[in-house]
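Structure, as structure tokens:
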Amino acid sequence: LRQFFFVKCINCGAPRSESESADLKCDYCGSVSSISLSHESSFFDGSLKQSIRERLEGDKSYDDDPDAQVSLIVIYLLEGLTEMSEQIINQLSAGSPREPRYMILKAVTSLSERGIRKSKIAKIEESVSLLNMAAGFSSETAIGEIAELGTLIKKHYYERNGIRVHPKLHGLLGKVGTNVKENSVMSSILLN
């Protein structure tokens with residue numbers, strides 16, 4: 097028997113349908129219902145991040161909402177709290193090991209510690225492997241984030257350092273395309 101629970105907007109706490117896409121706007125406050133790596137970073141000023149973080153950490157009903165947990169991971173990454181985001185993403189991944197957005201978040205979390213430019217080659221290659229796995233299980237939304245992260249790695253690691261692009265990354269970008277978004281949440285986290 098499946099337990100039913102209500103999912104809520106991360107900004108105002110208003111109820112939303114469990115089947116409703118996480119990237120839709122809340123019917124009550126007009127804010128996004130959850131945070132994505134591809135949102136524009138300018139949307140999340142300090143007070144909004146703090147307010148959402150306090151709501152998600154203070155209300156235990158968000159613990160059962162994967163979209164809210166993903167939002168909390170993104171906020172932690174924006175604030176440089178890598179260990180806290182790593183704990184949550186590891187818990188989510190354990191419950192759904194084939195979920196593409198968790199693989200993408202694992203890759204972003206892994207690279208966030210030092211940023212793409214200063215990461216070790218092993219971290220870059222591990223992240224590319226995660227992106228290739230995610231691409232195999234992906235929906236259209238996740239493909240955009242995979243393309244964005246792959247493009248950031250290509251541009252800010254391989255090309256910047258004058259290194260030949262790894263064949264696995266080259267093949268991945270051939271499948272998913274490139275996606276250049278310099279003002280996304282993902283680029284704010286990784287281009288430090």
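In this text, residue positions in the sequence shown follow our numbering: the first is 97, and each later residue adds one.
Built from N, CA and C at the ideal position, the CB exists for glycine as well.
Task: Expected contact under 8 Å - CB spacing of N279 and S138 to nearest Å - done: 6 Å
TODO: Starting from the N-terminal side, write out each stretch of the beta strand (DSSP E) that is 3 residues or longer and does not extend beyond the segment 222-261.
DONE: none
TODO: Work out the CA separation of M282 and L173 for me, nearest whole Å.
DONE: 9 Å
Open item on the list: Quick check: A231 and I239, are their CB atoms within less than 9 Å of each other?
Closed with: A contact, by the Cβ cut-off of 9 Å.
TODO: Alpha carbon to alpha carbon, how far is L152 from S181? Give it in angstroms, no decimals.
DONE: 13 Å
Open item on the list: Alpha carbons only, please: which of S132, S134, C105 is nearest the one belonging to C122?
Closed with: C105
TODO: Find the nearest neighbour of L268 within the set S223, S134, G258, R112, judged by alpha-carbon distance.
DONE: S223
- [ ] Might you give, ordered along the chain, the residues of its own chain that have their beta carbon closer than 6 Å to the beta carbon of Q99, omitting 5 neighbours on each side?
- [x] The pLDDT assigned to Q99 is 45, lower than 50, so where the model puts this residue is not dependable, and the model offers no usable value.
TODO: Between the Cα of D155 and those of G176, A110, L177, Y198, spot the shortest distance and give me the residue it belongs to.
DONE: A110
Task: V128 (DSSP reduced to helix, strand or coil) - done: strand
Task: Distance, G270 Cα to R260 Cα - done: 15 Å
Task: Buried versus exposed call for R194 [16 or more other C-beta atoms within 10 Å across all chains shown] - done: exposed
Open item on the list: Given this structure, state the Cα-to-Cα distance separating R213 from S206, to the nearest angstrom.
Closed with: 13 Å
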